[in-house]
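Q: Numbering (this note's numbering), first residue to last: 13 to 663.
Please read through the structure below; I'll follow up with questions.
Structure below.
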C-alpha cells in the first residue's frame, strides 16, 4: 500500500511546493529591479551556505552542529527519498544512505527539541514551537518506511492501518518540510535563505575576510528613482528576498543596543514587519519580542502602502527607525547575512528627503551642514583656531605630503582638540611629513548620510573630493572612525579613492617601524572600547590593542568586546534624533567598563569619548589612544642601538 501512496504523496508535495515557490518569487519581484548574475550566484550558493554562512553560525558550537545534523540530514533525506520512494530506486546503497540521513536528522531534531523546551527570550515562539515535532515526524517516518525497502523488515510488514498511520505522519512531515518551505511557516527560511545567499545584495561580503559596509549611493540625477524607501515595493527585489530569509533566531535582538536600552526598536521585529508588508496584513501573528513599549497587533501594511504613516498607525513607527545607532551589531550576528542597517537608512532617506521629518535636532544639524559645512554651525574659518600655536603645515602651502591629517569635526570640540594635539605631537615625534587642509576641509558627510540626507552627503563628499584632487599625499590619517569609514569606503562610489588609516593603526605601524619609543605604563587597570565604525565596519581590532601593549598595558577585556562590542550610542545620528528609552546606551557601556575592573577606558573615537564622558558617576577615566601615546613618548634609541621587539599580535 505504501508503495502506491508514497510516490503520490511525494510528488504532490513537490508540485505544491513549486506552486508556492512561484507565488513567493512573485512577492519578491514586487520590489525594484536589481541586476544579479543568476547562474554565477546559484553556482556560488553551496560555498556561501557551507563556508561563508557557517563561520557566523559556528559561533554557537552546539547549535552549529545541530544545524549541520538537522539541515544536512534533511537535504540528504529529501533527495534520497525522491530517488528511493518516489522513483523506486531502493536497490544498492541508496536505501541505506536514506536510513543514515534520516537517523542523522532525527538526532539533530532531539537537540532542537531540547532547545525549544525552555527557549531564550530572543527566539520566536508560536509556530516555531512545533518545529521539533515536525522534524521528528519527517525523520522517523522516512526511517520507518525505508526499513522494508532495504530488507530489514518484510515488505508486507504490519497492517494497512499501520501503512495509513505512517502515510499520515509522512504527510505531516512533508507538509512542514516541503510544502511549508515555500508557502510559509518555520521552514520558509530554508528556501528563501538559499536564494538570498545566491542573489545577495552585497555579494562582495562572501569570501574569507571580505567586508562590504559602505552605504550604497542614490542616483540623484534619476528623476524617476525614489528618494529612499516609502513602501515595501520600493526596496529592491533581493532586499525583499533577504527579509523573507529571516530565521527569527533573535541574535540581532540580543546584541541591539537600542533594544537593550528600551528604545522602540527590535531589529528582528523590524525585518518581520517588512515581511508583513511584503505579503500584506498585520503583525498580529508575530510571536517574538515586540518593540519596547509597543504592543503587537497595532501595525499593518501592504506592498504598495506607506511603511511609515503620515498620521496614525502603519507598518512601522518613525521613532523605531530613528532609534538605530547604525552600529551594525545586528548585521554582524545575523546567520542569514541580512542587511538591517541598509534597510533602515533607506527608509530614513524617504523621511528626510521627501517628508523633511528628521526628528528633534536633526533638521537643525542638516541645515548647519548646508550653511556652514559642519554639524555644529560653527564658523568654517575657525577650524584651526585650536592649533594657533602648533604652526600646522597647510596642504595649500606645501602641495604634497606623506600624510594628510584629516581633522574631522572634532576640530570644533574642545575635548577632541586635546586628542588632535596629542596626535600632532605623536606625528612630530615620529618625524612624519604631514599637512592639514585647514579651512578647506569640510565635514565628511557621515552624519548627513546616516540621517538620510543623501543630497547633503553627496554635496559635501564631492566638494571634499575636488579639494583633495588638488594635492598629492600617500595616505589620509584621522582619529575619527566615522570619517575613516566614509573616506575609505563610501567616497569611492563618487570618484574619491584613497588609502585611509585610523590613527591607532598608523601609530602601530610607526611603532613597529621603530619611529616611536615609550616609557613603561605606570597607571592602573585599562580596558579598551571598540568603536563600531572601526571594528565591525572595518575589521580593525588588533592595532589599538597592539598600541596599548606597546605602552606596557595589559588590556582587561570587557565581556562584550571585539566584534561583539557594545555600541556607545553615538553613531547613526542617535544623539541628534534622541529617541527616549528606559535607559541610556552609554550608561550601559560604562557599566561594562565598571564590571571589567578597569580604572581607565581607552577609546579611539571622538563620538565614543563624548558619549562615555557624558555618563554621570562614571567610575573610569576616558582617554583616547593618542593621548596615552603622547604622554608616554620618550626619545628614540640612537641609530645603531638594538631595536626593541615588536608588539606581539593580540588575538
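We put the CB at the ideal spot given by N, CA and C, even for glycine.
1) Rounded to whole angstroms, how far is the Cβ of residue 540 from the Cβ of residue 560, which I believe are closer than 8 angstroms?
2) What do you get for residue 401, buried or exposed, if any count of 16 or more other CB atoms within 10 angstroms of its CB means buried?
3) Going by DSSP in three states, residue 495 sits in which element: helix, strand or coil?
4) Check the DSSP bridge columns for residue 294 and list the partner residues they point to.
5) Would you check if the distance between the CB atom of residue 719 and the CB atom of residue 476 is smaller than 8 angstroms?
6) To the nearest angstrom, how far is it from the Cα of residue 212 to the Cα of residue 333?
7) Using three-state DSSP, classify residue 668 as helix, strand or coil.
8) Closest to residue 518 by C-alpha separation, out of 552, 230 and 296, would be which residue?
9) Mind checking who residue 540 pairs with in its DSSP beta bridge?
10) What are the complete alpha helix (DSSP H) segments, minimum 4 residues, inside the segment 595-649?
11) Alpha carbon to alpha carbon, what distance is there between residue 437 and residue 644?
12) Decide if the segment 356-365 is in contact with the segment 613-625; the criterion is three or more beta carbon pairs, one per stretch, under 8 angstroms apart.
13) Where does residue 99 land, buried or exposed, given buried means 16+ other C-beta within 10 angstroms?
14) Nearest to residue 399 by alpha carbon, out of 434, 408 and 380?
15) How many Å lie between residue 640 and residue 510 at the Cα?
16) Select from 73, 199, 319 and 273 the residue whose C-alpha is nearest the C-alpha of residue 579.
17) Considering only DSSP beta bridges, list what residue 350 is partnered with.
18) Rounded to whole angstroms, how far is the Cβ of residue 60 from the Cβ of residue 282, which I believe are closer than 8 angstroms?
19) Threshold first: 4 residues or longer. Then list the alpha helix (DSSP H) segments lying entirely within the segment 501-553, N to C.
20) Write down every uninterrupted run of the alpha helix (DSSP H) in the segment 96-158 whose length is 4 residues or greater and which is fully enclosed by it, in chain order.
21) Give every residue of the same chain whose Cβ lies closer than 6 angstroms to the Cβ of residue 588, excluding the five residues on either side of it in the sequence, and list them in chain order.
22) What runs of the alpha helix (DSSP H), each 4 residues or longer, lie entirely inside the segment 565-597?
23) Just grab the DSSP bridge partners of residue 438 for me.
24) Note down, one range per segment and in chain order, each alpha helix (DSSP H) of at least 4 residues found wholly within the segment 256-301.
25) Please state whether DSSP places residue 488 in a helix, a strand or coil.
26) Given a threshold of 16 other Cβ atoms within 10 Å of its Cβ, counted over all protein chains shown, does residue 191 qualify as buried or as exposed?
27) Is residue 468 helix, strand or coil when you go by DSSP?
28) Residues in its own chain within less than 7 angstroms of residue 393 by CB, not counting five upstream and five downstream?
29) So, are the CB atoms of residue 245 and residue 315 less than 8 angstroms apart?
30) Work out the CA separation of residue 600 and residue 622 for me, nearest whole Å.
31) Would you give the residue range spanned by the beta strand (DSSP E) that residue 448 belongs to?
32) Where does the unbroken alpha helix (DSSP H) through residue 366 begin, and where does it stop?
33) If I measure Cβ to Cβ from residue 165 and keep anything under 6 angstroms in the same chain, skipping five residues before and after, which residues do I get?
34) Output needed for residue 418: all residues of its chain with C-beta closer than 6 angstroms, excluding positions within five of it in sequence on either side, in chain order.
35) Look at the alpha carbon of residue 654 and the alpha carbon of residue 538, and state the distance between them as a whole number of angstroms.
36) For residue 631, count the other beta carbons within 10 Å of its own beta carbon; 16 or more makes it buried, fewer makes it exposed. Which is it?
A: So, from the listed chains and residues:
1) 6 angstroms
2) exposed
3) helix
4) 312
5) Any property of residue 719 remains undetermined from this structure, which presents the chain solely from 13 to 663.
6) 23 angstroms
7) One cannot answer for residue 668 here, as it falls past the ends of the chain, which runs 13 to 663.
8) 552
9) 614
10) 597-608, 618-625 and 637-644
11) 11 angstroms
12) no
13) exposed
14) 434
15) 28 angstroms
16) 273
17) Answer is none; residue 350 lacks a bridge partner.
18) Not really, about 24 angstroms apart at Cβ, beyond 8 angstroms.
19) 515-524
20) 106-129 and 143-158
21) 373, 374 and 377
22) 586-589
23) Per DSSP, none; premise fails for residue 438.
24) 263-267, 269-272 and 279-291
25) strand
26) buried
27) helix
28) 451
29) yes
30) 15 angstroms
31) 446-448
32) It is not in any alpha helix (DSSP H) - residue 366 carries neither H nor E in the DSSP assignment.
33) 159
34) 488, 490 and 495
35) For residue 654, the pLDDT reaches just 45, beneath the cut-off of 50, and the residue's location in the model is therefore unreliable, leaving the point undetermined.
36) exposed
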